[in-house]
Amino acid sequence: MNQIAFNQQLSDKLNEVLNPTLYSTPGKGEITVVANEKDDLREYRIITEGNKVVKVEDAYDAKHDADYDKMMDFLKDYR
């Protein structure tokens, strides 16, 4: 599977697990996950390479919450 297809598939699975509080969208070398709320701006970049997750970056150093923990638990299988 090529990297773009992997990112699309992983993004779709993330949306199944995280919606409606977080929403992901795939890119060429990363997946962007944003908060779906008005109070706090949260954005995470999931960096992928070789069909696996190599790094997760917090774009705004936001306070991590249960949704973040849920996302990180989900991503363990893709590292």
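According to numbering that gives the first Met the number 0, the sequence shown holds residues 0 to 78 in order.
All C-beta atoms in this analysis are idealised placements derived from N, C-alpha and C, irrespective of residue type, glycine included.
For clarity, every value in this text was computed on a predicted model and none was experimentally measured.
In the DSSP assignment, no residue is bridged to VAL16. With a contact defined as Cβ atoms closer than 8 Å, LYS69 and LEU17 qualify at about 7 Å.
Contact between the segment 55 to 63 and the segment 11 to 25 is absent, with fewer than three C-beta pairs closer than 8 Å. In the structure shown, the three-state DSSP call for LYS27 is coil.
By the beta-carbon neighbour count (other beta carbons within 10 angstroms, threshold 16), ASN1 is exposed.
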